[in-house]
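*Asks:* Going left to right, the sequence shown walks through residues 4 to 144 as our numbering numbers them. Even glycine gets a Cβ: it sits at the ideal position worked out from N, Cα and C. No experiment lies behind these values; they were computed from the predicted model shown.
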Amino acid sequence: MAINYSLGLRSSSPSDKNSEKKVYAYAQMRELITLPQLAKHICLHGSPYGRDVVIGVITAVVDCVRENLLEGNKVQLGEMGAFYLAFNSQGVDTAEDFNPANNINQARVRWERGSAFADLTNEAEFNYVTSRDQQAKARKE
4 MAINYSLGLR
14 SSSPSDKNSE
24 KKVYAYAQMR
34 ELITLPQLAK
44 HICLHGSPYG
54 RDVVIGVITA
64 VVDCVRENLL
74 EGNKVQLGEM
84 GAFYLAFNSQ
94 GVDTAEDFNP
104 ANNINQARVR
114 WERGSAFADL
124 TNEAEFNYVT
134 SRDQQAKARK
144 E
């Protein structure tokens, strides 16, 4: 099955509003796969475990990754990659002025791709579709 994409104009330099616009590809999501659907899909690949067990394991992984991140750890999940925290924070003049309660605005989870996700370009097939905006306009006409 191919990955749908559409084309759209975008500034070649997003920070410069006067920069030349070029045509870029945008991936179009086909559908959202929920946890129960993913568990069923895993079972179709010869898993000896039922959907309820697969869902339980995935849920436990989520809980444990979150717990480890909150303990300041980086969590490596093999070929999937690693999860770690990154902060958005406000700068201060001196280290003594820094207060995490006031200066750390956000602790976000980051994902570092593993070897299974490094670059899927050579394995992917691409299928051009009109943009969602163009599809919506066509429905109105």
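(1) Do Gly84 and Gly117 have their C-beta atoms within less than 9 Å of each other?
(2) Looking at Ser15 and Ser22, is the spacing between their C-beta atoms short of 9 Å?
(3) In this structure, does DSSP put Ala89 in helix, strand or coil?
(4) Report all residues from its chain with a CB closer than 8 Å to the CB of Lys20; omit the five preceding and five following residues, and keep chain order.
(5) With a cut-off of 8 Å, do at least 3 Cβ pairs link the stretch 100-119 to the stretch 75-92?
(6) Any idea if Ala28 is buried or exposed, counting beta-carbon neighbours within 10 angstroms, 16 or more meaning buried?
(7) If you follow the alpha helix (DSSP H) that Leu38 is part of, which residue opens it and which one closes it?
(8) I need the DSSP call for Arg111, collapsed to helix, strand or coil.
(9) What number of angstroms, rounded off, separates the C-alpha of Glu99 from the C-alpha of Asn105?
*Replies:* Well, looking at it:
(1) By one-based count along the sequence shown, residue 84 stands at place 81. By one-based count along the sequence shown, residue 117 stands at place 114. Contact: yes.
(2) Mapped onto the sequence shown, residue 22 falls at position 19. Mapped onto the sequence shown, residue 15 falls at position 12. In contact: Ser22 and Ser15 (Cβ atoms closer than 9 Å).
(3) In the sequence shown, the residue the question calls residue 89 occupies position 86. Ala89 falls in the strand class under three-state DSSP.
(4) What you label residue 20 is simply residue 17 of the sequence shown in a count that begins at 1. Excluding sequence neighbours, Lys20 sits near Ser14.
(5) yes
(6) In the sequence shown, residue 28 corresponds to position 25, counting from 1. Classified as exposed, Ala28 has fewer than 16 neighbouring CB atoms from the shown chains inside 10 Å of its CB.
(7) Here residue 38 refers to the residue found at position 35 of the sequence shown. It spans 38-47 - the alpha helix (DSSP H) in which Leu38 sits, taken as one unbroken run.
(8) Translated into the one-based positions of the sequence shown, residue 111 becomes position 108. Looking at Arg111 - three-state DSSP - the assignment turns out to be strand.
(9) Here residue 99 corresponds to residue number 96 of the sequence shown, with the count starting at 1. Here residue 105 corresponds to residue number 102 of the sequence shown, with the count starting at 1. One C-alpha to the other measures close to 13 Å.
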